[in-house]
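A short write-up of the structure that comes next.
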Amino acid sequence: MVKVKQSISGVLLIVVTVLVLLPILLVIVNSFRTNHSLAVSPIGLPTSLDLSNFGYVITHMNFFRGVGISTLITASSVALILLIGSAASWAIARTTRRWASGVYRLFIAGLTIPVFVMATPLYLEALQLGLLNNLVAVILVYTAFNMPFAVFFYTSFLRSVPQELEEAAAIDGCGPLRTYWHIILPMLRPSSAAMAVFIAISIWNDVTVPLLLLDSQDVQPLTLSIYSFVGTEGGIQQSQLFPAVLLATLPLFILFLVFQRYIVAGISAGVGK
């Protein structure tokens, strides 16, 4: 009976793996095929590798500029979210007064607000402040919208951590700032790495906020570059669409490979607590 269950589990695992990997493999394979080859056999294998599709997409999509802007937005937003979110969560977790509980509930309420509800107020405020086509506005919006999740994540973790290390640091003469920098942040490193990857993926893939606040092509992140490339090219061909999708996901794939062990460590730390 046990062997039968193991066999069924193995078969289901193989089926799920194939279903997940098949679309990815199709995108990779079709990226190297010509329009004629795709028209004759949409799911076939390439008879020869055609790299001209990538050159065309990189040139017309402003790939490297889009990657640079997306990296700047994502890295800046994630850094602010981690620093501000961890500091606020530490204060909330270690404060026993009623106002701390009220502030925590306000942050939790922020998890229920979708981005599109705030679209018009955000645009009007950015317009009045002169922050349209300014990357600072996008970074601040991402920081604000992801802060409730960061506070919820960090506060839940810190409440389960004993305060002995912080008390020992205070006895040794460490003030709040040094305690936060030398005790709290290192302790949160595995969890921060895992959360940073998930937040970075959501920010990198987002189209709504850049589409709302960034009109100029000079400040468009990668998602808007692809959006403009597909929308303005009109009769975009399949041989150009597949490389665009592959190039857009390549930085995230590299990011996941680099921080994979930190993600596992962060999840394991959360389960351990």
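In my numbering, the protein residues as written are -9 to 263. No residue lacks a Cβ here, since even glycine has one placed at the ideal position from N, Cα and C.
With DSSP as the reference, label residue i as helix, strand or coil.
i: residue 272; result: Coverage of the chain is limited to positions -9 through 263, which leaves residue 272 absent and any answer about it impossible.
i: residue 208; result: helix
i: residue 167; result: helix
i: residue 235; result: helix
i: residue 21; result: coil
i: residue 249; result: coil
i: residue 11; result: helix
i: residue 176; result: helix
i: residue 265; result: Past the boundaries of the shown model lies residue 265; the chain is included only from -9 to 263, so the question cannot be answered.
i: residue 95; result: helix
i: residue 122; result: coil
i: residue 218; result: helix
i: residue 264; result: Here the chain comprises residues numbered -9 to 263, so residue 264 is not present and cannot be evaluated.
i: residue 88; result: helix
i: residue 241; result: helix
i: residue 30; result: helix
i: residue 1; result: helix
i: residue 151; result: coil
Which whole-angstrom value is the C-beta distance of residue i and residue j, which I expect to be below 8 Å?
i: residue 141; j: residue 82; result: 7 Å
i: residue 199; j: residue 246; result: At roughly 22 Å, the Cβ-Cβ gap does not stay under 8 Å, so residue 199 and residue 246 are not in contact.
i: residue 17; j: residue 235; result: 6 Å
i: residue 203; j: residue 99; result: The pair is not a contact, with the Cβ atoms about 24 Å apart (cut-off 8 Å).
i: residue 205; j: residue 122; result: 7 Å
i: residue 155; j: residue 173; result: 5 Å
i: residue 209; j: residue 4; result: Not confirmed; about 45 Å, so no contact.
i: residue 212; j: residue 238; result: 6 Å
i: residue 139; j: residue 101; result: 6 Å
i: residue 137; j: residue 71; result: 6 Å
i: residue 132; j: residue 76; result: At roughly 17 Å, the Cβ-Cβ gap does not stay under 8 Å, so residue 132 and residue 76 are not in contact.
i: residue 19; j: residue 32; result: Rounded, the Cβ-Cβ distance is 11 Å, inconsistent with contact.
i: residue 39; j: residue 22; result: 5 Å
Would you kindly report the start and end of the unbroken alpha helix (DSSP H) that includes residue i?
i: residue 195; result: 179 to 195
i: residue 118; result: 109 to 119
i: residue 128; result: 125 to 148
i: residue 161; result: 154 to 161
i: residue 199; result: 198 to 203
i: residue 50; result: 42 to 50
i: residue 105; result: Counting along the chain, residue 105 falls outside any alpha helix (DSSP H), and DSSP gives it neither H nor E.
Any heavy atom of the ligand NAP closer than 7 Å to the beta-carbon of residue i?
i: residue 251; result: Judged by which ligands are present, the structure shown has none, so any question about the ligand NAP falls away.
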